[in-house]
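Participant: Chains as they are written, first to last, in this note's numbering: chain S, 1 to 134; chain Z, 135 to 324; chain U, 325 to 518.
Quick reminder that beta carbons are idealized off the backbone N, C-alpha and C, glycines included.
Please read all numbers here as calculations on a predicted model, not as lab measurements.
Structure follows, in structure tokens:
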């Protein structure tokens, strides 16, 4: 580092120096080596692990649910079933509404026809009466 | 090691205790060092490092390979240490004195490897300079020079754009160079 | 000179556009459909012992036609009849006793069909107080664009309003099974008996 400091001072006037840069990085790498963990660190971690609440071994369906692929598949299946269910529900509701509309049209035409029949019978009756009167 | 993971993967809920101890012992120094260098406090760093291993224990069934384990540990440690750093509402900027004190204590009581870690005043000086870097730059610098990761790997690990990683690295190095130069001048004149 | 020609051309275009607009306005006005007096509807419905009200606009008719079975005779016939219609309004009220509506009520309804496009086709006024009947047809050019039937009896009042193109063959088709009166749509005769 002393050497590096000296070189750096010299190179300040010259600007970037690749050699100096490499030396500095080397120095950094050497200094920033991972240092040891405190004594007994692993024991303390293991003690905390031992203190964790023990889980009963999970049954295979629960174990399977922990698998991301299975979860994804379940989510996809649920989404699909909701989508399919929604589609069929919409189709069913549309069918009901359509059937109601159909009945309404037929009712309207039936009343129209019956009204027109009444009108005809009145017109016919009136004409007959007029002819009778003549 | 690989066998421990494979074993853990198979018995995902309760991995063998020895297998897990092996994992902890293998990776404790890197996990603790990352946490310590981000937090600058041994107590909190140990707490974070323990939490990381506990989280690993709970998620062992998801670890697919040695590389995955390593990358998982690095990512989770950086994130958890960063969270802990930010949580400290009344955090005093990492004090160099505390840092030196810690290391002096270590030198007196620590093992041979600990003493090697803190052997030179120069190392302490660089540690001090690194500790004074902004948090994001510090994290990136640690992953680059402690963990020896390439910028692309850091980018993937931290989900950070490659340009940002490179920019953090360049700024951190520039800052460190400036500090080193200033320190040298002070040493010469003072 | 050229400027003058351009000005004249512009004026001509303006006049033509104005005339076009004026000619279009009655056509737009023709599309305005009479509505059954809502208040009267409510009043009659409240007094009636049996009510049948059907209101179907073009959208509903279109929707319903998708559910009519073309293999069924009645459905197929209905499908053909409604394909060019804009709306069907039916109001049919049955009363438990006579006198639930007044001649003024009927007059209120008839007033809506006094416009120039509406032609009274049938007008029956019964001598014995058995009820009045009116049929109005809306003619636009030589085409029937609407029909209104009012059939009033002491204990029953029926109103049917059909909006849209009604072809003579539609009426014949309707008459084929339901019996439509012999309405001469071309001559528009009015029968009245008092």
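Might you give, ordered along the chain, the residues of its own chain that have their beta carbon closer than 7 Å to the beta carbon of residue 305 (chain Z), omitting 5 neighbours on each side?
Facilitator: Closer than 7 Å at the Cβ level, and outside the excluded window around residue 305 (chain Z), lie 271.
Participant: Could you check the C-alpha separation between residue 468 (chain U) and residue 431 (chain U) for me, to the nearest Å?
Facilitator: Answer to the nearest angstrom: the Cα atoms are 24 Å apart.
Participant: Would residue 158 (chain Z) count as contacting chain S if we go by Cβ distances under 7 Å?
Facilitator: So yes, residue 158 (chain Z) belongs to the interface.
Participant: Can you give, in chain order, each stretch of the alpha helix (DSSP H) that sits fully within the stretch 402-459 of chain U and has at least 4 residues?
Facilitator: Within the stretch 402-459 of chain U, the complete alpha helix (DSSP H) runs of at least 4 residues are 427-435.
Participant: Taking 7 Å as the cut-off, decide whether the C-beta atoms of residue 290 (chain Z) and residue 215 (chain Z) are in contact.
Facilitator: Not in contact: residue 290 (chain Z) and residue 215 (chain Z) (Cβ atoms no closer than 7 Å).
Participant: Tell whether a beta-carbon distance below 7 Å holds between residue 317 (chain Z) and residue 37 (chain S).
Facilitator: Against a cut-off of 7 Å, the Cβ pair of residue 37 (chain S) and residue 317 (chain Z) comes out as no contact.
Participant: Look at residue 84 (chain S) and residue 475 (chain U) and say whether their C-beta atoms are less than 7 Å apart.
Facilitator: Not closer than 7 Å, so no.
Participant: Name the chain S residues that come within less than 8 Å of residue 457 (chain U), Cβ to Cβ?
Facilitator: Near residue 457 (chain U) (Cβ distances below 8 Å), the residues of chain S are 118, 119, 122, 123.
Participant: For residue 472 (chain U), which three-state DSSP category applies?
Facilitator: In the structure shown, residue 472 (chain U) sits in a strand (DSSP, three-state: E or B).
Participant: Just curious, the alpha helix (DSSP H) that residue 279 (chain Z) is in, first and last residue?
Facilitator: Neither: residue 279 (chain Z) is in no alpha helix (DSSP H) and is coded neither H nor E.
Participant: Count the other C-beta atoms from every protein chain shown that fall within 10 angstroms of the C-beta of residue 482 (chain U), then say buried if there are 16 or more, exposed otherwise.
Facilitator: The residue in question, residue 482 (chain U), is buried, as its Cβ has 16 or more Cβ neighbours within 10 Å.
Participant: Based on the DSSP secondary-structure assignment, which residues constitute the bridge partners of residue 479 (chain U)?
Facilitator: Looking at the DSSP assignment, residue 479 (chain U) forms no beta bridge with any residue, so it has no partner.
Participant: Assuming contact is defined by CB atoms lying nearer than 7 Å, are residue 464 (chain U) and residue 445 (chain U) in contact in what I supplied?
Facilitator: It is not a contact, given that the beta carbons lie outside the stated cut-off.
Participant: Pick helix, strand or coil for residue 153 (chain Z), following the three-state DSSP scheme.
Facilitator: Residue 153 (chain Z): helix per DSSP, three-state reduction.
Participant: The beta strand (DSSP E) spanning residue 384 (chain U) covers which residue range?
Facilitator: That residue, residue 384 (chain U), is in no beta strand (DSSP E); its alpha helix (DSSP H) goes 382-389.
Participant: Note down, in chain order, every chain S residue with its Cβ under 8 Å from the Cβ of residue 441 (chain U).
Facilitator: Here the premise fails: no neighbours, minimum Cβ distance about 20 Å.
Participant: Using 10 angstroms around the beta-carbon of residue 22 (chain S), count the other beta-carbons present and answer buried if the total reaches 16, otherwise exposed.
Facilitator: Answer is exposed; the Cβ neighbour count stays below 16.
Participant: How about residue 282 (chain U) and residue 379 (chain U): do their beta carbons lie closer than 7 Å?
Facilitator: Given that chain U is displayed from residue 325 to residue 518, the structure contains no residue 282 (chain U) and the question cannot be resolved.
Participant: Where DSSP assigns a beta bridge to residue 263 (chain Z), which residues make up the other side?
Facilitator: Its beta-bridge partners do not exist; DSSP assigns none.
Participant: Where does residue 50 (chain S) sit, in a helix, a strand or coil, going by DSSP?
Facilitator: Residue 50 (chain S) falls in the helix class under three-state DSSP.
Participant: With H, G and I counted as helix, E and B as strand and the rest as coil, what does DSSP make of residue 490 (chain U)?
Facilitator: Residue 490 (chain U): coil per DSSP, three-state reduction.
Participant: For the 8 Å Cβ check, are there 3 or more pairs between the stretch 294-310 of chain Z and the stretch 262-279 of chain Z?
Facilitator: Taking 8 Å as the limit for Cβ pairs, the verdict is that the stretch 262-279 of chain Z does touch the stretch 294-310 of chain Z.
Participant: Just to confirm the assignment, what range does the alpha helix (DSSP H) spanning residue 23 (chain S) have?
Facilitator: Residue 23 (chain S) -> alpha helix (DSSP H) spans 18-31.
Participant: State yes or no: is the beta carbon of residue 35 (chain S) nearer than 7 Å to at least one beta carbon in chain Z?
Facilitator: Chain Z contact via Cβ: present.
Participant: Please identify, using Cβ separations under 7 Å, the residues of the stretch 87-100 of chain S that lie next to chain U, in order along the chain.
Facilitator: Within the stretch 87-100 of chain S, the residues whose Cβ lies closer than 7 Å to some Cβ of chain U are 98, 99, listed in chain order.
Participant: By the 10 Å Cβ neighbour count, where 16 or more other Cβ atoms means buried, how is residue 150 (chain Z) classified, buried or exposed?
Facilitator: It is exposed - the Cβ of residue 150 (chain Z) has fewer than 16 other Cβ atoms within 10 Å.
Participant: Look at the alpha carbon of residue 18 (chain S) and the alpha carbon of residue 27 (chain S), and state the distance between them as a whole number of angstroms.
Facilitator: About 14 Å.
Participant: Just to confirm, does residue 272 (chain Z) get its C-beta within under 6 Å of one of the non-hydrogen atoms of the ligand SAM?
Facilitator: This structure lacks the ligand SAM, and indeed carries no ligand of any kind.
Participant: With a threshold of 7 Å between beta-carbons, can residue 78 (chain S) be considered close to chain Z, or not?
Facilitator: No, residue 78 (chain S) does not count as interfacial toward chain Z.
Participant: What is the residue span of the alpha helix (DSSP H) that residue 285 (chain Z) lies within?
Facilitator: Counting along the chain, the alpha helix (DSSP H) containing residue 285 (chain Z) begins and ends at 285-292.
Participant: Using only CA atoms, which one of Z:193, Z:173, Z:177 lies nearest to residue 213 (chain Z)?
Facilitator: Measuring from the Cα of residue 213 (chain Z), the nearest candidate turns out to be Z:173.
Participant: Rounded to whole angstroms, what's the CA-CA distance from residue 396 (chain U) to residue 369 (chain U)? Just pull it up for me.
Facilitator: Computed Cα separation, rounded: 33 Å.
Participant: Residues of the stretch 414-443 of chain U in Cβ contact with chain S at a cutoff of 8 Å, in chain order, please.
Facilitator: Going along the stretch 414-443 of chain U in chain order, one finds 414, 416 with a Cβ nearer than 8 Å to chain S.
Participant: Can you pull the chain Z neighbours of residue 19 (chain S), defined as C-beta to C-beta under 7 Å?
Facilitator: By Cβ distance, chain Z contributes nothing, its closest Cβ being about 14 Å from residue 19 (chain S), past 7 Å.
Participant: According to DSSP, which residues form a beta bridge with residue 461 (chain U)?
Facilitator: BP columns for residue 461 (chain U) point to U:443, U:471.
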